[in-house]
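Working notes for the structure below.
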Amino acid sequence: MRTSMTNLLITNLAFADLLIMVFGIPETILFMLDQGWLFNRTACKVNRYVMVTSLYGSVLTLIALCVERYVAIIHPIKAHIVCNKRRIVFVLGCIWPCACLAGLPTLLFNEVVQGDPTLPVFYCMIIFPDDHMFYFVIFKYIESALFYFLPLVIQVTLYVFVTKHLFVGSERLHRRVTIRLVNGSSLERFSEALQARRGVVKMLISSVVVYFLSYLPHQVLLISNTISPQTFHKNFAFQVFVMIVANVNSAANPVLYSIFSQNFRQCFKFIICRCCRTKHHHHHHHQMKPPRQPTLTSNTSRIWRHASYASATTEM
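Each residue of the sequence shown is one higher than the one before, counting from 1 in full-length UniProt numbering.
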């Protein structure tokens with residue numbers, strides 16, 4: 001049951017990361033090629049809104065995963081009450097509305113603007129009416145506080161307790177269990193369960209570390225531009241680096257899952273093997289299908305079917 005609850009949250013995190021990559025990578029490529037924004041105003045608003053909302057959803061999911069693991073490991077007796085399936089689904093149902101609300105300024109104020117009046121290059125960026133820089137700085141600092149620094153403090157604090165419990169307290173518990181348990185299989189099951197919990201926590205801590213390292217350049221850029229606006233804002237290479245590193249975060253999570261989660265590797269292999277078997281079975285079924293007797297009325301359609309089948313077989 002606990003694994004399935006964690007998997008629900010991990011699936012939500014993967015969905016958010018996928019949206020970030022789908023909507024973020026094309027814009028990053030255009031920026032790297034110095035092409036600016038090539039689409040209309042509506043596309044600018046929708047693309048940036050979905051990307052920012054997905055980013056907020058990813059952060060909130062990381063916090064939910066951290067709290068779920070904390071309750072499950074530190075308070076296992078309460079876990080079945082506090083973190084049951086109904087409440088996890090409720091949390092997921094709250095994450096996305098909150099993320100959508102937090103992303104509304106992007107939807108309302110993002111515009112397509114010309115970067116340099118002498119060049120026909122346009123950019124999709126947030127523009128506040130009346131004293132843009134004042135409201136922009138306030139907006140970015142609130143965003144950083146709510147979706148970077150506060151989540152960082154919460155997750156570091158809770159994972160310190162979890163790590164201490166699993167890697168320090170569990171050693172003493174393991175020694176006591178080793179002394180008291182006569183049945184070797186019981187000890188083996190205890191060790192396997194402990195190892196599985198440690199693996200999940202390592203995976204989640206790695207995801208958190210990668211996330212905050214990926215968006216650290218964003219915070220450096222924000223603080224730098226606030227203190228000394230000329231430091232970085234014209235440094236094209238640094239801006240490209242910031243955008244690439246941010247996208248690396250979303251691509252890194254599946255790699256972390258495959259490294260730390262044996263269940264993820266097994267499920268991934270199962271899905272791949274099942275898809276291959278389905279494709280092979282479908283191909284074999286077509287090959288073994290008995291030929292139909294040709295008739296005068298179906299002669300033309302028979303020729304087209306054989307041509308289509310020959311083409312499909314060649315492609316496969």
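In this text, a Cβ means the ideal position worked out from N, Cα and C, and glycines have one as well. Note that this is a predicted model, so its numbers are computed, not measured.
* Contact check, residue 30 vs residue 253, beta carbons under 8 Å -> no
* **Alpha-carbon to alpha-carbon, residue 195 and residue 182** => In this prediction, residue 182 has a pLDDT of 49, which is less than 50 and means its spatial position is unreliable; what the coordinates show is noted afterwards. Using only the alpha carbons, I get a separation of about 20 Å.
* Can the beta-carbon of residue 214 be found less than 8 Å from the beta-carbon of residue 249? -> yes
* Excluding sequence positions up to five away, which residues of its chain have a Cβ less than 7 Å from the Cβ of residue 61? -> 9, 12, 13, 16, 95
* Who are the Cβ neighbours of residue 68 in its own chain at under 6 Å, not counting the five residues just before and after it? -> 83
* **Pairwise C-alpha distance: residue 272 and residue 101** => 38 Å
* Asked: Run through DSSP, which three-state label would residue 127 get?
  -> coil
* From the DSSP output, in three-state form, read off residue 110 for me. => strand
* Asked: Closest to residue 59 by CA distance: which of 235, 210, 245, 240 is it?
  -> 210
* So, are the CB atoms of residue 21 and residue 251 less than 8 Å apart? -> yes
* **Residue from 159, 18, 37, 71 whose Cα sits closest to the Cα of residue 203** => 159
* To do: Count the other C-beta atoms from every protein chain shown that fall within 10 angstroms of the C-beta of residue 166, then say buried if there are 16 or more, exposed otherwise.
  => buried
* Element boundaries [alpha helix (DSSP H), containing residue 151] -> 150-164
* Give me the Cβ distance between residue 106 and residue 49, rounded to the nearest whole Å; I'm assuming they're in contact under 8 Å. => 5 Å
* Per DSSP, what kind of secondary structure is residue 134 in: helix, strand or coil? -> helix
* **Inter-stretch contact (C-beta, 8 Å, three-pair minimum) for the stretch 35-42 and the stretch 108-122** => yes
* Give every residue of the same chain whose Cβ lies closer than 7 Å to the Cβ of residue 226, excluding the five residues on either side of it in the sequence, and list them in chain order. => Cβ neighbours of residue 226 beyond the five flanking positions: 137.
* To do: Give the single residue among 26, 7, 270 whose Cα lies nearest to the Cα of residue 247.
  => 26
* To the nearest angstrom, how far is it from the Cα of residue 112 to the Cα of residue 277? -> 48 Å
* To do: Tell me, to the nearest whole angstrom, how far the beta carbon of residue 240 is from that of residue 217; I am working on the premise that it is less than 8 Å.
  => About 11 Å separates the two Cβ atoms, so there is no contact after all.
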